[in-house]
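Have a look at the structure below, then the notes.
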Amino acid sequence: FDEKGQQVCKFVCTTYWATQFHAVREAFLSPSTSQSGRDHSGNDSQSSGNFTSSKDVEKGYVRSLSAAHSWATSGGKSGASFSRTADSRFVVKCISRTELQMFLDCAPAYFEYLSKAFFHGLPTVLCKIVG
1 FDEKGQQVCK FVCTTYWATQ FHAVREAFLS PSTSQSGRDH SGNDSQSSGN
51 FTSSKDVEKG YVRSLSAAHS WATSGGKSGA SFSRTADSRF VVKCISRTEL
101 QMFLDCAPAY FEYLSKAFFH GLPTVLCKIV G
């Protein structure tokens with residue numbers, strides 16, 4: 001709203017696969033559940049007593065996303081715009097409706113794959129999409 005109380009713009013937020021993305025963040029971002037036992041700075045999370053709760057993982061994720069800036073990339077074919085969080089933990093890609101629909105169609109297989117990789121300790125080079 002502007003200073004006169006008039007609506008300036010409208011935001012709509014649609015959340016897809018919220019439970020599954022929460023599980024991915026919990027599995028891959030929480031130092032206490034990482035397979036290596038190390039946090040993202042390389043410290044031994046168990047010996048330092050750093051057992052991050054699910055709530056802390058979500059707070060950290062939101063905190064990171066709250067401070068992002070445009071990030072110039074090169075080499076991509078889609079011409080999509082990217083942002084990177086100020087703490088460099090995440091890259092955010094603006095996707096087209098077509099890309100969104102393609103992901104939504106593949107999402108069940110994606111989550112199944114990441115679940116197997118995490119629970120069976122399998123290595124993967126697949127980029128982790130966390131939300």
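Numbering-wise (UniProt numbering), the sequence shown opens with residue 1 and increments by one. Beta carbons are placed, not taken as given, at the ideal position from N, Cα and C, and that holds for glycine.
Pairwise C-alpha distance: Ser74 and Ala68: In this structure, the straight-line span from the alpha carbon of Ala68 to that of Ser74 is close to 19 angstroms.
Whole-angstrom distance between Phe111 and Lys128, CA atom to CA atom: Whole-angstrom Cα-Cα distance: 10 angstroms.
Pairwise C-alpha distance: Val12 and Val125: Cα to Cα, Val125 sits roughly 33 angstroms from Val12.
Helix, strand or coil at Arg89 according to DSSP, with G and I counted as helix: The DSSP-derived three-state label of Arg89 is coil.
At least 3 beta-carbon pairs within less than 8 angstroms: the region 57-71 vs the region 81-91: Yes: the two stretches touch, three or more of their Cβ pairs being nearer than 8 angstroms.
Segment limits, alpha helix (DSSP H) that includes His120: It is not in any alpha helix (DSSP H) - His120 carries neither H nor E in the DSSP assignment.
Status (buried if at least 16 other CB within 10 Å, exposed otherwise) for Ser36: No answer about Ser36 holds up, because its pLDDT of 45 lies below 50 and its placement is not dependable.
Integer Cβ distance of Arg25 from Val57, believed to fall under 8 angstroms: About 6 angstroms separates the two Cβ atoms, so the contact holds.
Residue range of the unbroken alpha helix (DSSP H) whose run includes Ser64: Counted as a single uninterrupted DSSP element, the alpha helix (DSSP H) harbouring Ser64 occupies residues 54-65.
Reduced DSSP category for Ser83 - H, G, I as helix; E, B as strand; rest coil: Ser83 falls in the strand class under three-state DSSP.
Collapsed DSSP secondary structure at Ala72 in the structure displayed: Assignment of Ala72 by DSSP, reduced to helix, strand and coil, places it in the coil class.
Option nearest Thr19 by Cα separation, candidates Glu3, Trp71, Ser54, Phe119: Between Thr19 and the set Glu3, Trp71, Ser54, Phe119, the nearest pair of CA atoms involves Ser54.
Delimiting residues of the alpha helix (DSSP H) encompassing Gln20: That run of the alpha helix (DSSP H) goes 18-29.
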